[in-house]
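Scroll down for the structure; my scribbles are underneath it.
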Amino acid sequence: MNISFTALGHGECEQCESFKLHDHDQNDLQPDCSICNAFAIHKQKYSEARIQYNDHKENPLPDTFYYSADMEKVIMMPRMEMFKRNANSGRVVVEEMKQEDFYEWEDNSSTSKINRTVPRPYMKDMVEVVATRGKLTLSYRTRFTSDETHVMDFTKKKLTKKNIVKRPNSIPNLRGISTNRKSQITQNLLELMPENRRPFWVNLVENDKSADLRTTVDD
């Protein structure tokens with residue numbers, strides 16, 4: 001999706017909503033309360049993130065690309081309507097992706113390297129991750145207001161020595177569902193669907209080699 005910098009909204013995330021459900025007020029956080037402490041860290045991070053977001057918007061750097069990602073869980077379903085309105089506000093351009101746009105990436109991460117990394121990297125702690133062209137490492141920060149960066153070197157030695165990552169192949173086949181499964185859906189449920197939903201099931205690829213995800217975990 002192509003989403004430009006824009007004015008940030010004020011929607012509440014799941015962690016903010018969860019904090020509201022407990023007995024303490026954000027203007028009077030209790031130091032011996034784990035929920036209050038977690039919220040204080042969360043509030044600090046999202047406040048710093050907004051400042052950083054606006055700084056990137058106003059002061060872009062040449063040869064640098066910024067990607068903003070919401071790392072919080074989607075809010076509870078009864079509150080989804082306001083997010084739906086924001087998402088349909090006309091600022092989002094959706095790119096149609098084809099089979100050749102999806103790749104079979106090989107897992108070239110080294111478990112032993114990850115286990116030896118100090119401090120152990122956790123996504124929930126990261127506020128910024130930097131990838132530099134030509135390097136097989138990533139650097140990250142856990143605070144926007146700190147210059148301290150941590151380096152993640154997690155690729156296998158064979159890649160590190162050559163410093164080359166081979167371009168992956170596109171997926172050879174669309175996953176689809178079995179012919180029998182598709183037949184059951186189209187014969188029994190198609191008439192019950194809104195007309196604008198029917199083409200998806202009618203045109204869905206048939207593949208009898210695909211595992212049934214109702215009973216099998218697909219690798």
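For the sequence shown, position 127 matches number 127 in this note's numbering, and the numbering has no gaps at all. Ideal Cβ placement from N, Cα and C applies to all residues, glycine included.
Taking SER68 as reference, the option from LEU192, ASP25, MET126 with the minimal CA-CA separation is MET126. Note that the C-beta distance between TYR140 and PRO121 is below 9 Å. CA-to-CA, the gap between VAL151 and ALA131 works out to about 10 Å. Under the criterion of beta carbons closer than 8 Å, LYS98 and ASP153 do not qualify as touching, at roughly 34 Å. For LEU174 and ASP208, the gap between their C-alpha atoms comes out near 11 Å.
With 16 or more other Cβ atoms inside 10 Å of its own Cβ, ILE177 counts as buried. Restricted to the stretch 111-135, the beta strand (DSSP E) segments that are unbroken, complete and at least 3 residues in length are 128-131, listed in chain order. Check the Cα spacing between VAL118 and each of THR149, ASN27, TYR103: the tightest is with THR149. According to the DSSP assignment, HIS56 belongs to the alpha helix (DSSP H) that extends over 34-58.
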